[in-house]
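Participant: Here it is, the structure, as structure tokens.
Protein chains in written order, with the working numbering: chain Y, 1 to 322; chain U, 1001 to 1322.
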């Protein structure tokens, strides 16, 4: 028996913008939320800040991350800020307990309350601050719509997605920075561009490759223990990029195949977005049975109750299984 | 801009089964999950166990509860078991940390790990065990489909909802007991019967009234701090019964008006089910502006980010606002 049903839209495109797979409305605007953090991290690399501060793959991955606030994430966010001569006081993202239960329990036992380094976006915000500091901009107020770093991010996302970004399609994200509703296909196109470099000037192409490669090389720093992004990227190391966003968004890329993917679960459910992205990625690994099976096992997964009994399954339906 | 959209079905009926309000498919079967716990608690009262063990409104409310595992809930579940000469070892519901973040943090600081008394269903299970003990049935295996208490519950729910319950429409709930998919309208009808006594023999009518009254009198014991069920029932003390279930189900009643309500969010989202039930209840308090406004404030509520900024709203749409 079917108990609950999710609906959504997904589109996969190549670097030239050709649609390879699509379900649902792909021109409707969606807020990418954290799924576009790799785009938002481009100024950190393009400005030269990442090199100046000696950031390796872990720090670049953390700049693209929605991390679980595990000790390694928190320590690295702090180190990134320290490289620019700043500390937690510079972060404007707010603070929250980990969304991961095991991490939250550990935090509860060791912290009175978490500071902003524990915010899942602290790496992204540290990246913003580092980009500002290296460019000689005062980072204060860096979450504001008119701050130079947000203007630059607006330009980057507009360039990659082909969408016009402005007050009209601007919302405020969980971490207080602007987020812009862009057509789903434009979002997929942007990740295809980042993954392939097609249509990008050399600086942006190399910065994009560096960020995508960093995430694939250090998937733990993009999310954390038992998280979907981390698991997806570990399924085919160095070959799959995947990043979740709030409200059922997921973006992904298969760089070697030149593919960018974006999807949105209509109702905002993460469980559905995770199933959709795994099944969509699996389509592009049809000729590699082990990877295909490992991805489909993330799309169709058993649900267990408090006694460990198998009581149901999350399953993708026809458009994703055909 | 609309970011995410939930769909669902809702039906409100009176004690004679007349439909007072309906949106979507009301004959399709849904698993009521924990939303029908008050039905499942009827054997506890009808058997005489509740009287024999001296249970007051708090214990009866806890027998109908999906509680947050707060200290008062845990202590009372333990007392209920002790009344029947049993302890936590008799519970077959499994254990889990609180779903309420503040409670989980407190649990993490004081417990190595939670036992089955902390399970949100421990009051319901304690009720099952008490009903068994008082009736001279061995409670061992009480979660099984063929155990006398589950056979009795099957009979009760079938009688109240008018649905046939069997292996064909049986699933296993989070706490390991059988749950049966029944038409949404049958579920609403069942709560209208419980709230009015219409069509029920005197014993079942009085047991139903006693359970509904207990929940309305002790709403903290039905859910807990900052929980929707508790808040809804406190909005009009003694006049609204409301109970959530997993996967976007909600049941409710307005006894003085003879109304039973059942609803299901298609995608299983609790945030939508909570908005739907508040807006549906509000329809029946149109002539009491303060209560109506308080209910609509639970249907349409602001969303704040980690910095406390107002970044969006949950809002019910046309069928619920008309």
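Heads up, the beta-carbon is just placed ideally off N, CA and C, and yes, glycines get one too.
Count the CB pairs spanning the region 1185 to 1200 of chain U and the region 1028 to 1039 of chain U that are closer than 8 Å, and state whether there are at least three.
Facilitator: With a cut-off of 8 Å, the region 1028 to 1039 of chain U and the region 1185 to 1200 of chain U count as touching, because enough Cβ pairs lie within range.
Participant: Return the CA-CA distance between residue 222 of chain Y and residue 148 of chain Y, expressed in angstroms with no decimal places.
Facilitator: The straight-line gap from Cα to Cα measures roughly 25 Å.
Participant: With DSSP collapsed to three states, give me the class of residue 1168 of chain U.
Facilitator: Three-state DSSP puts residue 1168 of chain U in a helix.
Participant: Look at the alpha carbon of residue 1292 of chain U and the alpha carbon of residue 1024 of chain U, and state the distance between them as a whole number of angstroms.
Facilitator: Cα to Cα, residue 1292 of chain U sits roughly 23 Å from residue 1024 of chain U.
Participant: Taking the Cβ atom as the reference point for each residue, do residue 158 of chain Y and residue 121 of chain Y lie within a distance shorter than 9 Å?
Facilitator: Their beta carbons are not under 9 Å apart, which means residue 158 of chain Y does not touch residue 121 of chain Y by this criterion.
Participant: How big is the Cα-Cα spacing for residue 1014 of chain U and residue 1020 of chain U?
Facilitator: For residue 1014 of chain U and residue 1020 of chain U, the distance between alpha carbons rounds to 7 Å.
Participant: Please tell me whether residue 1029 of chain U has its Cβ less than 9 Å away from any Cβ of chain Y.
Facilitator: So, interface residue.
Participant: Suppose contacts are defined by Cβ-Cβ distances below 9 Å. Is residue 72 of chain Y in contact with residue 125 of chain Y by that definition?
Facilitator: Cβ atoms of residue 72 of chain Y and residue 125 of chain Y: not closer than 9 Å.
Participant: In angstroms, rounded to a whole number, what distance separates the CA positions of residue 984 of chain U and residue 1210 of chain U?
Facilitator: Because chain U is modelled from 1001 through 1322, residue 984 of chain U falls outside the range shown and cannot be assessed.
Participant: Excluding the 5 residues flanking residue 90 of chain Y on each side, which residues of the same chain have their C-beta closer than 7 Å to its C-beta?
Facilitator: Excluding positions up to five away in sequence, the list reads 81, 129, 139.
Participant: At least one CB of chain U closer than 9 Å to the CB of residue 94 of chain Y: is that the case?
Facilitator: Cβ-Cβ to chain U under 9 Å: yes for residue 94 of chain Y.
Participant: Can you tell me whether DSSP reads residue 1051 of chain U as helix, strand or coil?
Facilitator: Three-state DSSP puts residue 1051 of chain U in a helix.
Participant: Tell me which residues of the region 1163 to 1175 of chain U have at least one Cβ-Cβ distance to chain Y shorter than 8 Å, keeping chain order.
Facilitator: Residues 1169, 1171, 1172, 1173, 1174, 1175.
Participant: Can you tell me where the beta strand (DSSP E) holding residue 1229 of chain U begins and where it ends?
Facilitator: Counting along the chain, residue 1229 of chain U falls outside any beta strand (DSSP E), though it belongs to the alpha helix (DSSP H) covering 1228 to 1235.
Participant: Relative to the alpha-carbon of residue 1320 of chain U, which residue among U:1213, U:1279, U:1312 has its alpha-carbon at the smallest distance?
Facilitator: Minimum Cα distance to residue 1320 of chain U is reached at U:1279.
Participant: The beta strand (DSSP E) with residue 88 of chain Y in it runs from where to where?
Facilitator: Element bounds for residue 88 of chain Y: n/a, residue is neither H nor E.
Participant: DSSP on residue 1006 of chain U, reduced to helix/strand/coil?
Facilitator: Here residue 1006 of chain U sits in coil by DSSP.
Participant: Spatial neighbours of residue 117 of chain Y within its chain, please: CB distance less than 6 Å, with the 5 preceding and 5 following residues excluded, ordered by chain position.
Facilitator: Same-chain partners within the cutoff: 74, 77, 78, 88.
Participant: Report the residues of the region 230 to 263 of chain Y with a CB closer than 7 Å to any CB of chain U, ordered along the chain.
Facilitator: For the region 230 to 263 of chain Y, which is checked against every Cβ of chain U, the residues closer than 7 Å are 247, 248.
Participant: Bridge partners of residue 1179 of chain U, per DSSP?
Facilitator: DSSP output for residue 1179 of chain U lists U:1171 as bridge partner(s).
Participant: In chain order, what residues of the same chain lie with their CB nearer than 8 Å to the CB of residue 107 of chain Y, ignoring the 5 residues before and after it?
Facilitator: 69, 97, 98, 114, 118, listed in sequence order.
Participant: Buried or exposed for residue 1297 of chain U, going by 16 or more other Cβ atoms inside 10 Å?
Facilitator: The residue is exposed, with fewer than 16 neighbouring Cβ atoms inside 10 Å.
Participant: Counting contacts by CB-CB distance shorter than 9 Å, is residue 311 of chain Y in contact with chain U?
Facilitator: Interface residue, yes.
Participant: Mind checking who residue 1251 of chain U pairs with in its DSSP beta bridge?
Facilitator: For residue 1251 of chain U, which the question treats as bridged, DSSP gives the partners U:1243, U:1262.
Participant: Please list, in chain order, the chain Y residues whose beta carbon lies closer than 9 Å to that of residue 1276 of chain U.
Facilitator: Near residue 1276 of chain U there are no residues of chain Y at all, since even the closest Cβ is about 13 Å away, more than 9 Å.
Participant: Along the chain, where does the alpha helix (DSSP H) containing residue 154 of chain Y start, and where does it finish?
Facilitator: Element bounds for residue 154 of chain Y: 148 to 161.
Participant: With 16 as the cutoff for other CB atoms within 10 Å, does residue 4 of chain Y come out buried or exposed?
Facilitator: Flag for residue 4 of chain Y reads buried.
Participant: Would you list the residues sitting across from residue 1125 of chain U in a DSSP beta bridge?
Facilitator: Per DSSP, none; premise fails for residue 1125 of chain U.
Participant: Does DSSP classify residue 1114 of chain U as helix, strand or coil?
Facilitator: The answer is coil: DSSP assigns residue 1114 of chain U none of H, G, I, E or B.
Participant: At a CB-CB cut-off below 8 Å, which residues of chain U make contact with residue 104 of chain Y?
Facilitator: Those are 1101, 1104, 1105, 1108, listed as they occur along chain U.
Participant: Once DSSP output is grouped into helix, strand and coil, what is the label at residue 1063 of chain U?
Facilitator: It is helical.
Participant: Report the rounded CA-to-CA distance for residue 1 of chain Y versus residue 1169 of chain U, giving the unit in angstroms.
Facilitator: Taking the straight line joining both Cα atoms gives about 8 Å.
Participant: Measure the alpha-carbon distance for residue 183 of chain Y versus residue 1244 of chain U and round it to whole angstroms.
Facilitator: So the two alpha carbons sit approximately 36 Å from each other.
Participant: Mind checking whether residue 1216 of chain U and residue 1197 of chain U have CB atoms under 9 Å apart?
Facilitator: No, these two residues do not count as a Cβ contact at 9 Å.
Participant: Suppose the cutoff is 7 Å on Cβ atoms and the five residues either side in sequence are ignored; what does the same chain contact list for residue 46 of chain Y look like?
Facilitator: Cβ within range, chain order: 203, 204, 207.
Participant: Classify residue 1259 of chain U: buried if its beta carbon has 16 or more other beta carbons within 10 angstroms, exposed otherwise.
Facilitator: Buried is the call here.
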